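All residue numbers for the first sequence refer to this note's numbering, where the first residue is 1151 and numbers rise by one. Each residue gets a CB set at the ideal place from its N, CA and C atoms; glycine is no exception. Note that this is a predicted model, so its numbers are computed, not measured.
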Amino acid sequence: MMLSGLDLPKPLIEAYGKKGITELYPPQEECVKKGLLEGRNLLISIPTASGKTLVAEMAMHHHIAGKVNKGPSKGKCLYVVPLKALASEKYEEFSGKGVRIGIATGDLDKRDEYLGQNDIIITTSEKADSLLRNNTRWMNLITCLVVDEAHLIDSENRGATLEMVITKLRYLNENMQVIALTATIGNPRLFAGWLEAEHVSSEWRPVDLKEGVFYSDTIYFEEEEKKIKTPAKEDDTNLCLDCIEDGGQSLVFVSSRRNAEGFAKRMAKALEKSGFSDPALEDIQKKLEAIAETDMGKILASCTAKGAAFHHAGMKREQRHIIEQGFRDGYIKVISSTPTLAAGLNLPARRVVIRDFLRFKGGEGMLPIPVREYRQMAGRAGRPHLDPYGEAVLIAKGRDMANGLFEEFISAPAEDVKSRLDDESALCSQVLSLISTEFVKNNDDLVSFLKRTFYTFTNKKSSHLSDIVEKAVSYLEAAGMITKIDDRLFATDYGNLVSHLYINPISAEIISTVLREKQKTLLEIKRLGEVEDIKASDIGDLIKTEPAKTTKSVNPVYSIDSMKQVKSASAKSMLKKTAFTPEDISAVFSDIGLLQLLCKTPDMYTLYVRKDDLPVLESFYYAHEDELWMEISYDTMEDDFRVIKTAMLLDNWISEIGEDTICTRFGVGPGDIYNVVEGMNWLLYSASRISYMMAPDLKISVSEVELRMKNGIKRELIPLIKLKNVGRVRARRLFNNGITSPLKIKEANFDKLSAILGQKIAGQVIKQVEKEYGNINNTEIIINNTEIKKEHTLREEREDKSERRERKNRKIENQKKSAEIIKKNENFENFGNSDYEEEEKNTEQKKKNQKNKNTQRSLFEF
DNA sequence: AATGTGCCCTTCTAGACAGCATGTC
DNA sequence: CTAGAAGGGCACATT
């Protein structure tokens, strides 16, 4: 079947023609035959790289051209992906084909309504859910929904969201065409049944895939055997060397980050020994070295120089991109990777070695990876148009094992997908959103809506769902997120906020319970202050803030006890304006307490605690016991320590401790810092909104931490950071030069400022300060200076592009100048919190002590 | 002297979505 | 409570 023979818009056909694609692959043809262009729902399970994208594009362009009879004349398409990186990848792929493409993820989006002008909108499933929660109007106009990796409906954490997005969208847009792209699944007919879809399934690939098991010196494929030279001792390196000698590249999947790094090191040595080298690798090495601030980065650079790299989530985005590109360009010969590369970007290689097929799971030991995941890895084998074939190889340690691996993975049937909507916490969140958006108005609505879900479709007889729905409703009601008037269900302001913030209702409850507790203490201080007429600062000591008890069970969801506690404080009395001094607030508020609270939330993922961390955590715990907000209890100790460790890292971050120090101190990679900080930013924003509602006197304190987290700065830099064009580095430079506030900038002379910031920036900063402080003569901290920033943006928009270019040039010059000054102020990095330095020394001593005594048992050994 | 090898023992274990409002070095 | 790689420490061999 020829592409040009189909009733499709020309730009699409031409764009593919340019890439040399004029004819449909067999599975694509089948999709067309089964009604792809007639608006039929399809469940398409075909291997990666066999042209799923084109299938989706054909349908979407068809819709956009208004050729599908259902719905409005001009169609609008939503393309749902599981990862942000995938969203960007698809954006690139879809662009330049005559239709308007928009992208909406947590990081990247335009104003919601503006987004709706596009023909195709690419989003993550969570963002799609969020858009639905905000009643985004254009969501009602979707005529074609494409769900990429739709089997992720089975994902333990995120499947429920995807299921609800599909269900809600189908409910909103009755005639919408649904195209679900999945990996091979065990129960496609059931899944297709729910979607009312035709099922298209195929094993066809553009490049042949041979799957086999390696044992001793031979790869045993299904139909052939292949002997491998074994110059090195280890099987894994030999497999890669063999492939490289043949002109290919390989990808090695391992189970842990350390294994990934360890393998890359070994592989680099082996490559060096084999005499392989490529001058192009030097450039890559230089790039990597330039951004390597940690040991890990240096190791990465040195391995990559030899042609072997590793890839995992502890790395910086930048490092990952360099490795990916180096591999795509063919310079890097081997990447050893954790599952990051299996699920993420499309980065094929001739030979894929699945070395570690067991993965550790806490509490259950080593478990074989799911077949679907094996397939996903194996599917990476073979670069279309570049490799004659692809090979996926498992490594066996004995003959029996070889047979076992064949059965376990290669010839094993794919797993079924099942609904994850029965997860209580996920369902709770979804029920709230349904009520908040008025998708449902009462209990009956709720039940009948949920009848449309995959869960009900697959569990027709079970009454389990209605049980947990009931539970969720009563939880939400008790928490004050929804109210029942007669039969009608309404979301309260609080409920709307929680739904809108997109945080788990349980997280919200944990946050607001504790913040209200704190607010209560503040009011108590005030009351005592009025009665006794003593200074508030003295009272801080009088009132011992009891650490809040979180609900203790493993599933803290439905403990009504904590709810009663919350209800006892009247919200109305709290909203009264009260005057508190900063001392009052600091008597009940602490950075580490807040961080601990938010890390305890199910929306935050926490760091793994190693043995070496325990003494550090212990001393930290004793040093800051009073400042902590949450109790550490015996039965949740492991979790509690993870929480403390994560909170500690974040506290380091807002104490301007350098990246490399944090990495070595906590045994994490730069990528982890980024992830943890990012997650905390989001929660801090949510906490500030919740505190505005529940504990208004703490709002400023929370917002301060939020601002510091965003920038990675100590409290003292807050006044400076608010200036445009001043980030953490410039703010610190100003501060170290005695300019500690905007007012000081006003007082400082221009020469001094431009020596610190460069002329251009100095000028801009002075302008801002004059505007703000022109007539005011005080040092009041301005918490919200978005106004200033808004004005700036408007002005910038009016400026010509040529002017911008000029600016850029000047900027470069300034950068050179300021580089010198930076050198002078290098001590910024060492500005670490002396607290921690001391703790570390203590720790070392304690370690020694422990080694000597080796008998000291404490609370801290789990 | 510097480096490699074999062996024992201990340690440790993947990833990543979401809000908001725009711009650091 | 599971499997096994990596890495450190150490003794000893090789360049």
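Beta-carbon separation (whole angstroms), residue i vs residue j, contact threshold 8 angstroms
i            : j            : result
residue 1532 : residue 1539 : 6 angstroms
residue 1272 : residue 1253 : 5 angstroms
residue 1206 : residue 1329 : 6 angstroms
residue 1335 : residue 1604 : That belief does not hold up - the Cβ atoms of residue 1335 and residue 1604 are roughly 12 angstroms apart, past 8 angstroms.
residue 1270 : residue 1297 : At roughly 14 angstroms, the Cβ-Cβ gap does not stay under 8 angstroms, so residue 1270 and residue 1297 are not in contact.
residue 1484 : residue 1417 : 5 angstroms
residue 1555 : residue 1544 : 5 angstroms
residue 1179 : residue 1151 : 5 angstroms
residue 1780 : residue 1666 : Not quite, the Cβ-Cβ distance comes to about 14 angstroms (not below 8 angstroms), so this is no contact.
residue 1255 : residue 1234 : 5 angstroms
Rounded C-alpha distance that separates residue i from residue j
i            : j            : result
residue 1286 : residue 1279 : 10 angstroms
residue 1400 : residue 1567 : 30 angstroms
residue 1522 : residue 1815 : 37 angstroms
residue 1590 : residue 1584 : 6 angstroms
residue 1889 : residue 1450 : 40 angstroms
residue 1168 : residue 1419 : 42 angstroms
residue 1479 : residue 1657 : 45 angstroms
residue 1162 : residue 1154 : 10 angstroms
residue 1672 : residue 1477 : 58 angstroms
residue 1819 : residue 1754 : 18 angstroms
residue 1156 : residue 1500 : 34 angstroms
residue 1546 : residue 1504 : 10 angstroms
residue 1344 : residue 1384 : 48 angstroms
residue 1835 : residue 1241 : 28 angstroms
residue 1512 : residue 1758 : 11 angstroms
residue 1769 : residue 1873 : 38 angstroms
residue 1482 : residue 1294 : 40 angstroms
residue 1945 : residue 1251 : Since pLDDT at residue 1945 reaches only 35, below the 50 mark, its modelled position is unreliable, and no value is offered.
residue 1368 : residue 1378 : 6 angstroms
Cβ-Cβ distance between residue i and residue j below 9 angstroms
i            : j            : result
residue 1561 : residue 1351 : no
residue 1735 : residue 1848 : yes
residue 1386 : residue 1402 : yes
residue 1810 : residue 1443 : yes
residue 1787 : residue 1742 : no
residue 1333 : residue 1299 : yes
residue 1859 : residue 1782 : no
residue 1452 : residue 1475 : no
residue 1134 : residue 1232 : Because the chain spans 1151 through 2012 in this model, residue 1134 falls outside it and cannot be assessed.
residue 1914 : residue 1861 : no
residue 1376 : residue 1397 : no
Local Cβ density within 10 Å of residue i, reported as buried at 16 or more and exposed below that
i            : result
residue 1635 : exposed
residue 1792 : buried
residue 1517 : exposed
residue 1613 : exposed
residue 2004 : Any reading at residue 2004 must be qualified, since the residue scores a pLDDT of 36, below 50, and its modelled position is unreliable; no value is offered.
residue 1191 : buried
residue 1266 : buried
residue 1730 : buried
residue 1947 : The predicted model places residue 1947 with a pLDDT of 38, which falls under 50 and marks its position as unreliable; any figure quoted below should be read in that light. Its Cβ having fewer than 16 others within 10 Å, residue 1947 is exposed.
residue 1677 : exposed
residue 1208 : buried
residue 2033 : Residue 2033 lies beyond the stretch modelled for the chain, which goes from 1151 to 2012, so this question has no answer here.
residue 1365 : buried
residue 1802 : buried
Segment limits, alpha helix (DSSP H) that includes residue i
i            : result
residue 1844 : 1820-1844
residue 1343 : 1338-1345
residue 1093 : Nothing about residue 1093 can be read from this structure; the chain reaches only from 1151 to 2012.
residue 1770 : 1763-1774
residue 1204 : 1202-1214
residue 1166 : 1160-1168
residue 1193 : Segment 1192-1195 is the beta strand (DSSP E) holding residue 1193; no alpha helix (DSSP H) there.
Residue i - containing beta strand (DSSP E), residue span
i            : result
residue 1360 : 1358-1365
residue 1349 : 1348-1351
residue 1229 : 1227-1231
residue 1880 : Looking at the DSSP string, residue 1880 is not in any beta strand (DSSP E); the run it does join, the alpha helix (DSSP H), is 1878-1886.
residue 1509 : 1508-1511
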